[in-house]
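The listed protein sequences derive, respectively, from chains A and B.
Going by this note's numbering, the first sequence opens with residue 3, and the numbers climb by one from there.
Going by this note's numbering, the second sequence opens with residue 60, and the numbers climb by one from there.
The beta carbon of each residue, even a glycine, is placed where N, CA and C say it ideally should be.
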Amino acid sequence: MRHSSLRGVKLAVAAVAAAAMMMPLAACGGDDHPATADDGKPIVYITVRRNVTDVHVKDMPFTQELEAACDCHIEWEEITDNAWGQQKSAKMVAGDFPDVGLSLFDLNDVSQYPDSFLDFSEYMDQLPNVKKFFEDRPTAEKMVNDDGHYYLLPSDRGKGYRVSATHMFINQTWLDNLGLEMPTTWDELEQVLIAFKNEDPNGNGEADEIPMNIRDLGFGLWSPLVLLNSTGIVTNFMGNSASTQGYYVEDGEVKSYYAADEMKDVIAFYSKLMSEGLIPKDTFTRDDSQYASQTQNDGKTALTGVSIGWSSANEYGDLVDQYVTLPPLKQSADMPDEDVKWDYSMDATEFAYVLSVNPDAVNMDAVMKVINAMYGEKLSVEGYFGSIPDYVSDDGNGQYTIDTEKAYVNGRKDTAVIALQDRFAGYIPDSVTMINDTNADEVTASDEACRDALANVDAEKEVIPIWIHPTQEDNETLANNRTAIDNFAMNQLSTFVQNGGVEEGWDNYLQQLTAESLGLQENIDIWQKYYDEAVGQ
Amino acid sequence: MATHMQSASVAVPGGSVSSNRPKPGFMSRLAYHLQRYWQLWILVAPGLIFMFLFAYVPMWGIQLAFREFEPSKGLTGGDWVGFKYFIQFFQSPLFGQIMWNTVRISLWTLVMGFIFPIILALLINQIGSKKVKGFVQTVTYMPHFISVVVIVSMLNIFLSPGSGIIGRFFGDTSLMGNSGAITAVYWISEVWQHCGWNCIIYLAALSGVDTSLYEAAKMDGASRLQLIRYVDLPAIMPTCTILLIMQMGSVLNVGFDKIYLMQNTLNQTATEVISTYTYKIGILGGQFEYSTAIGLFNTVINFLFLMIANGISKKVNDASIF
């Protein structure tokens with residue numbers, strides 16, 4: 003009796019323990035990937051990050067063409083931008099890398115997980131299309147070249163996107179209504195903004211105009227700090243570059259935007275505009291959604307006079323016809339024309355880091371065939387803009403026309419729903435001409451007015467190339483220092499803009515900024531080291 | 060806790076144990092114990108297994124705080140670097156600011172979030188009509204169910220200068236951008252949201268007060284305030300102590316989501332706390348070892364606070380959680 007009940011206990015404990023052990027196991031198992039399909043053809047697993055997934059990649063004719071080219075099956079996994087942002091770190095730690103990843107990883111990831119990225123340099127013979135791409139586009143090659151190894155492949159979306167990513171716009175209709183000239187200097191801009199504020203340019207009888215609208219201070223896309231270009235300092239506010247971390251080069255010397263006298267001028271200017279009520283006082287505290295409601299409003303009455311963004315159509319929606327690009331301003335009237343620069347972000351706009359391969363991929367030959375096919379002209383066009391002939395027609399001689407009726411769905415003015423768009427891997431050469439690529443046409447139109455200023459930029463001497471990539475260790479130092487520097491400096495600059503006091507406070511700010519403990523000089527030294535190496539090449 | 064265990068073991072059915080046999084070995088004692096109480100062990104088994112799997116097993120990963128993280132070698136495969144990341148955190152120029160922000164915001168929230176529910180419970184308890192009482196209770200605990208994202212959006216709207224119902228009284232800049240006011244914005248909104256919910260437990264304690272105590276006190280001529288002071292407060296005091304001790308365990312825990320959502324460039328010198336810093340360094344920057352070290356430091360401090368509060372309370376008024 004006693005004995006049997008004891009065994010009962012043991013059994014029960016064992017059963018419970020076993021059940022508990024099974025739970026996590028069951029959760030992990032079950033997603034094994036077969037290497038070949040039933041028909042004996044290899045399977046290639048591709049994960050792509052997309053911003054819309056209404057139409058799945060596997061349903062696009064593009065996939066069938068790829069499969070024909072590689073004589074294999076492709077299993078797509080699509081992941082949204084948001085989901086990827088949350089899963090990325092965990093997936094990498096878990097070693098969960100797909101055979102082929104599109105738009106998933108950047109160079110920081112490569113330096114952190116070097117063993118999880120295939121070195122393409124050993125496979126270049128199997129990738130003639132990529133080889134040709136690198137010959138045609140040395141910048142793209144340099145972006146991924148790591149001592150002769152390639153751990154990522156870049157994409158090139160063609161000449162339609164060889165533009166600065168940031169433009170400043172002004173409401174031409176308002177200028178006309180008030181009989182004003184296009185401003186060319188900061189002072190003239192201020193006068194125009196004052197007129198916008200006081201003279202009811204939108205004619206609705208209400209003082210609801212927002213003369214100038216800006217986003218948060220920062221070194222990223224569409225930052226109001228692009229006004230630094232008016233002072234002769236070049237910015238490159240896109241992607242992951244020295245500039246987006248706050249560094250620039252002048253006469254071969256790397257410097258920080260934070261510590262520049264020119265920064266003081268820009269901040270003082272914005273502070274003045276804000277104190278005069280020309281920029282909304284709640285700019286730095288409001289919800290992001292309010293920005294769009296002020297620039298686009300109801301699509302009928304314009305509320306915004308000047309703002310900074312990608313293209314006028316993107317920034318103002320239905321009000322696009324009222325706006326034109328404001329040509330880069332001079333800081334003061336007496337400065338020579340050639341000192342006016344503009345945001346030199348065309349490389350980051352045209353090229354992107356996209357394609358990675360897991361070195362443990364089983365069907366490497368098939369993977370290489372897929373990749374080579376992707377970088378061919380026709381499949382590049384199809385990957386970005388949509389399948390031929392369903393959405394895009396091949397007119398011959400490298401000209402392709404997008405059928406906007408079919409391709410632009412869900413109210414979008416691009417092909418992100420029915421194609422991979424900017425998440426594609428491929429190379430669209432200059433011989434290709436795209437008709438009806440609305441996004442490119444709009445941003446190119448917005449870019450025209452900046453071309454003179456962009457021509458003033460000496461890319462060799464005034465821009466830290468975007469293809470410089472520090473080592474893992476240096477990146478950590480840079481990042482840790484940057485967290486502390488940004489925390490202090492961005493806060494100070496925002497406070498200066500909001501509450502004034504630049505003139506009195508600047509010296510004190512500089513003193514704290516350059517304190518050794520903050521690590522600004524350490525970061526400058528690191529970038530200087532890499533810049534010198536890059537120039538020496 | 061201790062008294063529960065005793066009463067449980069007393070309640071187990073079974074005959075008396077002979078006291079004069081020789082002391083048996085450990086294994087046989089264990090077998091005997093299991094044979095007698097195996098039902099109880101089965102009862103707690105799911106909880107124990109859960110705790111072991113999800114609280115103790117993952118603790119193996121704590122050693123990451125002392126190692127160089129190398130993804131290819133797994134969480135525990137990197138080189139041992141000792142206290143490198145702790146020292147790095149202590150020497151970081153942000154260390155002082157982060158600690159001060161964390162302690163300031165969490166202490167304000169903790170103290171105010173402790174006092175106000177008690178006051179509210181005592182007030183609600185004074186309401187005579189059951190209907191009114193139920194209505195007030197429902198209205199006060201409703202905000203508890205609003206998600207943090209919505210709360211922060213509401214704060215933004217309430218405080219927007221010119222048009223917000225509160226913002227219009229504070230000039231042309233939003234309090235959300237005022238590093239001096241952000242702590243108050245944080246704890247007041249926190250108290251407003253959770254006060255009603257947190258007072259429920261006190262109301263439960265108050266409803267258990269013997270009505271004869273009130274009658275006796277009234278006979279002695281006690282006023283309303285004196286009733287609260289001499290009957291209600293002592294009745295809920297043990298509950299208060301336990302809750303306070305438990306809250307002390309999270310003294311360095313400013314919840315991540317709310318403060319992160321409230322952060323902007325104007326107030327970030329006052330809102331950068333341990334959790335947001337860990338997020339920026341660890342998740343965004345990918346430095347898992349560094350953020351693990353910061354997290355471990357945070358936990359150790361919390362644990363110390365919990366122990367100290369528990370010890371003091373044990374000495375002073377004999378109420379403690381262990």
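In the structure shown, what three-state DSSP assignment does residue i receive?
i: LEU357 of chain A; result: strand
i: GLN322 of chain B; result: coil
i: HIS169 of chain A; result: strand
i: GLU211 of chain A; result: coil
i: LEU192 of chain A; result: The question names Leu, but residue 192 of chain A is Glu in the sequence shown. Note: GLU192 of chain A maps to helix in three-state DSSP.
i: MET436 of chain A; result: strand
i: GLU252 of chain A; result: strand
i: THR330 of chain B; result: helix
i: TYR325 of chain A; result: strand
i: GLU453 of chain A; result: Sequence inspection shows Arg at residue 453 of chain A; the Glu mentioned does not correspond to that position. ARG453 of chain A: helix per DSSP, three-state reduction.
i: LEU365 of chain B; result: helix
i: ILE224 of chain B; result: coil
If you compare alpha carbons, which of the options is closest to residue i?
i: ILE367 of chain B; options: B:ASP377, B:ALA352, B:GLY308, B:ASN357; result: B:GLY308
i: ALA71 of chain A; options: A:GLY205, A:VAL372, A:VAL256, A:GLU464; result: A:VAL372
i: MET557 of chain A; options: A:THR485, A:THR233, A:VAL419; result: Here chain A comprises residues numbered 3 to 539, so residue 557 of chain A is not present and cannot be evaluated.
i: LEU320 of chain B; options: B:ILE186, B:THR242, B:SER212; result: B:SER212
i: GLN298 of chain A; options: A:ARG288, A:GLY307, A:ASP320, A:TRP312; result: A:ASP320
i: SER382 of chain A; options: A:ASN365, A:GLY400, A:ALA368, A:MET366; result: A:GLY400
i: TRP344 of chain A; options: A:SER91, A:GLU450, A:GLU535, A:HIS58; result: A:GLU450
i: ASN200 of chain A; options: A:ARG484, A:LEU280, A:LYS43, A:ASP443; result: A:LEU280
i: ASP460 of chain A; options: A:VAL251, A:GLU352, A:SER105, A:LYS408; result: A:VAL251
i: ASP432 of chain A; options: A:SER273, A:TYR163, A:ALA244, A:ILE196; result: A:TYR163
i: PRO176 of chain B; options: B:GLY193, B:GLU249, B:PHE194, B:SER219; result: B:GLU249
i: GLY333 of chain A; options: A:THR187, A:GLU506, A:THR82, A:VAL46; result: The question names Gly, but residue 333 of chain A in the sequence shown is Gln. The shortest C-alpha separation from GLN333 of chain A is found at A:THR187.
i: LYS161 of chain A; options: A:THR406, A:TYR429, A:PRO391, A:MET276; result: A:TYR429
i: HIS253 of chain B; options: B:LEU99, B:ILE174, B:LEU153; result: B:ILE174
i: PHE194 of chain B; options: B:GLN156, B:ILE183, B:LEU112; result: B:ILE183
Establish whether the CB of residue i and some CB of chain A are separated by less than 9 Å.
i: THR328 of chain B; result: yes
i: ASN357 of chain B; result: no
i: TYR115 of chain B; result: no
i: LYS339 of chain B; result: yes
i: MET235 of chain B; result: yes
i: THR135 of chain B; result: no
Along the chain, where does the beta strand (DSSP E) containing residue i start, and where does it finish?
i: SER271 of chain B; result: Element bounds for SER271 of chain B: not the beta strand (DSSP E) but the alpha helix (DSSP H), 270-278.
i: GLU77 of chain A; result: 75-82
i: GLN401 of chain A; result: 401-404
i: GLU264 of chain A; result: Unbroken run through GLU264 of chain A is the alpha helix (DSSP H), 263-277; no beta strand (DSSP E).
i: LYS257 of chain A; result: 255-258
i: PRO105 of chain B; result: PRO105 of chain B -> not in any beta strand (DSSP E); alpha helix (DSSP H) instead, spanning 85-110.
i: ASP397 of chain A; result: 394-398
i: ARG484 of chain A; result: Unbroken run through ARG484 of chain A is the alpha helix (DSSP H), 474-501; no beta strand (DSSP E).
Is the beta carbon of residue i within less than 8 Å of some heavy atom of the ligand FAD?
i: LEU219 of chain A; result: With respect to the ligand FAD, the structure shown offers nothing to examine, as it has no ligands at all.
Answer with yes or no whether the minimum CB distance from residue i to chain B is below 9 Å.
i: GLU478 of chain A; result: yes
i: ASN482 of chain A; result: yes
i: LEU182 of chain A; result: no
i: GLN247 of chain A; result: no
i: GLY521 of chain A; result: yes
i: LEU495 of chain A; result: yes
i: TYR153 of chain A; result: no
The alpha helix (DSSP H) with residue i in it runs from where to where?
i: TYR245 of chain B; result: 241-257
i: GLY193 of chain B; result: 189-200
i: TYR293 of chain A; result: 290-297
i: TYR511 of chain A; result: 504-515
i: GLY172 of chain B; result: 154-185
i: SER212 of chain B; result: 207-218
Three or more C-beta pairs below 8 Å linking the stretch 44-58 of chain A and the stretch 402-421 of chain A
yes
Evaluate the contact criterion for the stretch 131-142 of chain A versus the stretch 172-181 of chain A: three or more CB pairs, one atom per stretch, below 8 Å.
no
Stretch-stretch touch, CB-based, cutoff 8 Å, three pairs: the stretch 295-314 of chain B with the stretch 169-178 of chain B:
yes
Validate contact between the stretch 209-226 of chain B and the stretch 261-277 of chain A using beta carbons, cut 8 Å, 3 pairs:
no
Would you check if the stretch 473-493 of chain A and the stretch 357-376 of chain A touch, i.e. whether three or more CB-CB distances between them fall below 8 Å?
no
With three or more beta-carbon pairs closer than 8 Å as the criterion, would you say the stretch 144-161 of chain B touches the stretch 340-349 of chain B?
yes
Decide if the stretch 520-530 of chain A is in contact with the stretch 243-250 of chain A; the criterion is three or more beta carbon pairs, one per stretch, under 8 Å apart.
yes
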